[in-house]
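Chains as they are written, first to last, in the numbering used here: chain A, 1 to 385; chain B, 1001 to 1385.
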């Protein structure tokens, strides 16, 4: 152990979350804000392995706290999947599926709006990736029919089917919701398993794996289920049980792809404690879409601001093109950092410092008066020109 | 979404951690109890992706909170490793190393006291496992020299070297601390990389990767570093940088084995907030060993109780053979569950319900008067015969 000075250690004392209480537009932050119920559970369950006091060898079978019931009864109803697993996050869920069912060197089809972790999960599994294109500016709409073309292309080139297809629903840039059923129908006709990346859907909007008729669905607790990170879920169609839930030869009750047990600790508790509220908020999804549309209508009244992606928006996450801010930045004394500073002055954060030309935002969970404050800020700042 | 009844949702309201405040002998619980400093940070940092407010693309480079400094300066000093990574746990660290450097079908050598996740991480990577034996009852001492024999055996059988060797330091059953330097010397002579599983060492006792001269070391935040789970660390010798930290071809700042970013959320904050205390407690390791020896000496005064493993113990985690309790269970009206109930009645938990003949316990972090209470309970219960 190399000596560490007190002054170095002091850095980790009393760390504050700067700007807590600000309105945070960052889409990764909106759906993960804890409910009061989860917050109340923190102190009681924060110790290391707290949830494992009454474990009999498998985390998902723990009866107290009621993880068993949550994982095996409640979550399968919530996303209409035959089985659900707790994982360390949506990316870990994707990696797990690929690791279990895709042969190294095989090809995975992804939509070109996919999250970067879909590519990296494939790369980590030594898989090739081929993309279904989007329509480009301004809608960036995924062409669902193209899944068939890409499957044919892979067949021709590699003499085998793609080992997996992925559809991002919605994507994390434009909040576009492609026709997942159409993609599922195409994939199923070719017998190519389909994974729905629903990290921005599960916990925000109603979604059903059975209804889509896909094979896998992944969600994120910290992104969209009002949970402390890191935690994710994986929904599986029963045909894939054997492949994904294979047990260790030596340790008969331990699953190989789970490395025995998934997320050990507080995140599971926050996921469960928030769940009753999350279940209810999902039923009010219409209100969130209405709020997003209201917000966009209002800020599109500003000359030089425009929502990109499919219109009218179907999601709280939206991509804005803000030429008006870009123009201001050219002559502003703070240059391209002016926008971040101006929003911050108004109690609003979540747009990356330095961005002015375009950025994504989410209106998820804001109250009407908060939305108005944000709209006013957009209007005010646009007048700085 | 299938309708979920209110009565079902009510199960997740106001979940209590039963027996919070009891003295918990379970070794997985002792080192993960949060410090007051970590507890104070909970409310502020519990939201989903809280730590990512000021992220520029790589979690370990976040300056506010000071993750960058913690991962790149403080932790490398703490465990004397050239590089440190945050992971989702010790098991995930082991999987990561194997995934990055071991070819499928190659062989990994493990000590026969290894944690089950060492085997499963190998199984998930489709690796064969070969074991270095222990001396059996009562010491279960790992024979360090045998690493050479096993390497020779693998060479002979597979025409190649083992792709990795693992040493568990200490193991999670007996708390034995084998001679890690000796094993490292053998492995290095054969050019076989060595991973030290220090999940019960890092955060409890001083340990140095450079001093041992191994290649990798893994630790667990929730097991031994006073952190909320799931979080682990991986220490790496610089020769392995390229292999373990390989960047994505497409996303130049994202590491493949990390799937971009590691533990996203509160566990990182608790690890950092607890660190100043953890650093200090490690310096007082002698006191913990002394307490463990005091405890064992006292309960070994009871006829029919005996510590197994190497003696005198070198660690807070110890395995007890308790024939006295087994004998009582034979005629007790509660049978083998009597022991759990009797301890519980005395405010003590952590021995699995149903065990009477032998079990492991940890004395880590108990104050002298708490130790005495536990010793008295052992004495009392042994008199039930």
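Glycine residues also receive a C-beta, built at the ideal position from the N, C-alpha and C atoms.
Quick one, are the C-beta atoms of residue i and residue j less than 8 Å apart?
{"i": "residue 1139 of chain B", "j": "residue 1350 of chain B", "result": "no"}
{"i": "residue 1166 of chain B", "j": "residue 1197 of chain B", "result": "yes"}
{"i": "residue 50 of chain A", "j": "residue 1017 of chain B", "result": "yes"}
{"i": "residue 1108 of chain B", "j": "residue 1129 of chain B", "result": "yes"}
{"i": "residue 1127 of chain B", "j": "residue 1098 of chain B", "result": "yes"}
{"i": "residue 1193 of chain B", "j": "residue 1229 of chain B", "result": "no"}
{"i": "residue 406 of chain A", "j": "residue 95 of chain A", "result": "In the structure as shown, chain A begins at 1 and stops at 385. Residue 406 of chain A is therefore absent and cannot be evaluated."}
{"i": "residue 1012 of chain B", "j": "residue 225 of chain A", "result": "no"}
{"i": "residue 1085 of chain B", "j": "residue 1144 of chain B", "result": "no"}
{"i": "residue 1132 of chain B", "j": "residue 1203 of chain B", "result": "no"}
{"i": "residue 340 of chain A", "j": "residue 30 of chain A", "result": "no"}
{"i": "residue 318 of chain A", "j": "residue 352 of chain A", "result": "no"}
{"i": "residue 385 of chain A", "j": "residue 328 of chain A", "result": "yes"}
{"i": "residue 1032 of chain B", "j": "residue 1227 of chain B", "result": "yes"}
{"i": "residue 1001 of chain B", "j": "residue 282 of chain A", "result": "yes"}
{"i": "residue 124 of chain A", "j": "residue 1092 of chain B", "result": "no"}
So, helix, strand or coil for residue i, using DSSP?
{"i": "residue 1165 of chain B", "result": "strand"}
{"i": "residue 183 of chain A", "result": "helix"}
{"i": "residue 1127 of chain B", "result": "coil"}
{"i": "residue 1221 of chain B", "result": "helix"}
{"i": "residue 20 of chain A", "result": "coil"}
{"i": "residue 1173 of chain B", "result": "coil"}
{"i": "residue 58 of chain A", "result": "coil"}
{"i": "residue 151 of chain A", "result": "helix"}
{"i": "residue 216 of chain A", "result": "strand"}
{"i": "residue 1207 of chain B", "result": "coil"}
{"i": "residue 1384 of chain B", "result": "coil"}
{"i": "residue 1006 of chain B", "result": "helix"}
{"i": "residue 1064 of chain B", "result": "coil"}
{"i": "residue 1044 of chain B", "result": "helix"}
{"i": "residue 1160 of chain B", "result": "coil"}
{"i": "residue 1051 of chain B", "result": "helix"}
{"i": "residue 1106 of chain B", "result": "coil"}
{"i": "residue 98 of chain A", "result": "helix"}
{"i": "residue 363 of chain A", "result": "coil"}
{"i": "residue 36 of chain A", "result": "helix"}
{"i": "residue 1025 of chain B", "result": "coil"}
{"i": "residue 1090 of chain B", "result": "helix"}
{"i": "residue 1121 of chain B", "result": "helix"}
What residues match up with residue i in a beta bridge as DSSP calls it?
{"i": "residue 1358 of chain B", "result": "B:1321"}
{"i": "residue 1255 of chain B", "result": "B:1247 and B:1260"}
{"i": "residue 1132 of chain B", "result": "B:1111"}
{"i": "residue 1084 of chain B", "result": "B:1235"}
{"i": "residue 143 of chain A", "result": "None, per the DSSP bridge assignment."}
{"i": "residue 1195 of chain B", "result": "B:1166 and B:1216"}
Can you find a heavy atom of the ligand ZN that lies under 7 Å from the Cβ of residue i?
{"i": "residue 303 of chain A", "result": "This structure simply doesn't include the ligand ZN, nor any ligand for that matter."}
Exercise for review: Closer than 8 Å, Cβ to Cβ, to anything on chain B: give me those residues from the stretch 20-46 of chain A, in chain order.
Suggested key: 20, 24, 26, 28, 29, 31, 32, 33, 34, 37, 38, 39, 40, 41, 42, 43, 44, 45 and 46
Check your understanding: Listed in chain order, which residues of the stretch 1224-1237 of chain B have Cβ atoms closer than 9 Å to some Cβ of chain A?
Key -> 1224, 1225, 1226, 1227, 1228, 1229, 1230 and 1231
Exercise for review: Quick one: which residues of the stretch 102-131 of chain A get their C-beta closer than 7 Å to a C-beta of chain B? List them in chain order.
Suggested key: 116, 117, 119, 120, 121, 123 and 124
Check your understanding: At what residue ranges does the stretch 294-351 of chain A contain a whole run of the beta strand (DSSP E), taking only runs of 3 or more?
Key -> 306-308 and 317-321
Check your understanding: When Cβ atoms are compared, which residues of the stretch 1212-1224 of chain B fall closer than 9 Å to chain A?
Key -> 1220, 1221, 1222, 1223 and 1224
Review point. Can you list the alpha helix (DSSP H) stretches of 4 or more residues lying completely in the stretch 225-249 of chain A, in chain order?
Key: 241-244
Practice item. Taking a Cβ distance cut-off of 8 Å, strictly less, list which residues of the stretch 1244-1256 of chain B are near chain A, in chain order. Key: 1248, 1249, 1250, 1251, 1254 and 1256
**Study point:** Within 9 Å of chain A by C-beta, residues of the stretch 1057-1083 of chain B in sequence order
**Key:** 1064, 1065, 1066, 1069, 1070, 1073, 1074, 1076, 1077, 1078, 1079 and 1080
**Study point:** Under 9 Å (Cβ pairs) to chain B, residues found in the stretch 149-171 of chain A
**Key:** none
**Study point:** Residues of the stretch 1278-1292 of chain B with Cβ closer than 9 Å to any Cβ of chain A, in chain order
**Key:** 1279, 1280, 1282 and 1283
Review point. When Cβ atoms are compared, which residues of the stretch 256-267 of chain A fall closer than 9 Å to chain B?
Key: 256, 257, 258, 259, 260, 261, 262, 263, 264, 265, 266 and 267
**Study point:** Contact residues within the stretch 293-318 of chain A, judged by C-beta distance below 9 Å to chain B
**Key:** none
Practice item. Could you name the residues of the stretch 336-360 of chain A whose beta carbon sits closer than 9 Å to any beta carbon of chain B, in the order they occur along the chain? Key: 349, 350, 352 and 353
Point to revise | Near-chain A residues of the stretch 1367-1382 of chain B (beta-carbon distance less than 8 Å), N- to C-terminal order | key: none
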